[in-house]
Amino acid sequence: MRITASLIVLLIATLQDIKDREVDDIIWLIGLSLGGILDIFSLFSVGLTAQKIVRYLRFSIPFLFIILISWRFRLMGGADILAFITLAIIQPSHPLGKCMFPPAFCTMLYSNFLMLILPFSFLMWNLSLILKGNRIFDGFKESSLRKILASLFAIAVQAEKAKKFKFFSIAQEGSSPEKKFKLVSVLSIPETKEELPKTKEHLVWICPSVPMIPFILAGYVLTMLIGDPVLLLIEIFK
Numbered sequence: 000m001r002i003t004a005s006l007i008v009l010l011i012a013t014l015q016d017i018k019d020r021e022v023d024d025i026i027w028l029i030g031l032s033l034g035g036i037l038d039i040f041s042l043f044s045v046g047l048t049a050q051k052i053v054r055y056l057r058f059s060i061p062f063l064f065i066i067l068i069s070w071r072f073r074l075m076g077g078a079d080i081l082a083f084i085t086l087a088i089i090q091p092s093h094p095l096g097k098c099m100f101p102p103a104f105c106t107m108l109y110s111n112f113l114m115l116i117l118p119f120s121f122l123m124w125n126l127s128l129i130l131k132g133n134r135i136f137d138g139f140k141e142s143s144l145r146k147i148l149a150s151l152f153a154i155a156v157q158a159e160k161a162k163k164f165k166f167f168s169i170a171q172e173g174s175s176p177e178k179k180f181k182l183v184s185v186l187s188i189p190e191t192k193e194e195l196p197k198t199k200e201h202l203v204w205i206c207p208s209v210p211m212i213p214f215i216l217a218g219y220v221l222t223m224l225i226g227d228p229v230l231l232l233i234e235i236f237k
C-alpha cells in the first residue's frame, strides 16, 4: 500500500514536472494526508516502542538537516523538498528492512547520484554545438579550466530559443571581448526566468532548471529494490 501510494504520487508529480516544471501542491497534500492516515493506522495496529521512535528520529536528523540547508540556500526547488517530505511520511521505513536510514534519505542519495549524468549531458550539448561550427566561447576572456567547468554546468543556446526553458539563470556577465562565466549560478536551482542580456551575439550561456522529480522517482525505485546505499557500500568494501 505504501509503495503503491508513493509511486502514484511521484509518477503524477514527475509528469507535471516534465510538462510544466511545476507540481500542483494538491499532489503533496494528498500524499501527506494519505501517509498520515497510514502512520496513524500503523501506530494503533502494530504499535511503536520508544526504541523504534528514537531510532527513527536519530536517523532522520541528517535528512532533516539537509532539507533545511537545501531550502535555505536554494539547492533544491520547493517541489523537490516537498517530494522528500511526502516520502518521509508515506514511507517511514523499508518494508523489507533494507534501509538503516529512512527511505526518503536513501532516495535523496540515489537521486543526487543519478543527477551526475547532467554535467555529462551538458558537455555533450556544448560539444555538439562546437562540432556544428559554433564558436561558443567567442568573446570570453577565460581560462581553459573555467571553459571546461562552464561546459559541464551550463549550456550555450541561441537567445531566441532560450525562452523554451521554463526557468533558467544567466551564466555569463559582461560584454565581448571580456565576457566572464558566472559559475555561481550553478549553485542554486533557478525558480525564475532571468532576463536575457541585451546583445547582438548569436549565443548566450544559461543554467537551465532541470526537472528533478523524475530523478527522485528513480531514486525511490532503487531504494525499494536495492535498499540503503550506505549499507550497500559497506557490503562492497567490507
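Residue 93 in numbering that gives the first Met the number 0 sits at position 94 of the sequence shown; the count goes up by one each step and never skips. Don't be surprised by glycine CBs; every beta carbon is placed ideally from N, CA and C. Treat the numbers as computed from the prediction; the structure is a model and nothing was measured.
Each residue's CA atom was taken as its position, placing ARG1 and ILE89 some 6 Å apart.
Here DSSP, grouped into helix, strand and coil, assigns ILE60 to helix.
Closest in C-alpha terms to TRP27, from the list ILE11, ILE39, LEU67 and SER41, comes ILE11.
Counting only the Cα atoms, MET114 lies some 20 Å from LEU67. DSSP places PRO207 in the strand class (E or B) of the three-state scheme. Collapsing the DSSP output to three states places GLU234 in a helix.
Counting other Cβ atoms within 10 Å of its Cβ, LEU86 reaches 16 or more and is therefore classed as buried. Within the stretch 58-126, the runs of alpha helix (DSSP H) at least 4 residues long that lie entirely inside it are, in chain order, 77-89 and 102-113. Pairing ASP24 with TYR55, the inter-Cα distance amounts to about 27 Å. Taking all protein chains shown into account, LEU33 has 16 or more neighbouring C-beta atoms within 10 Å of its C-beta and is therefore buried.
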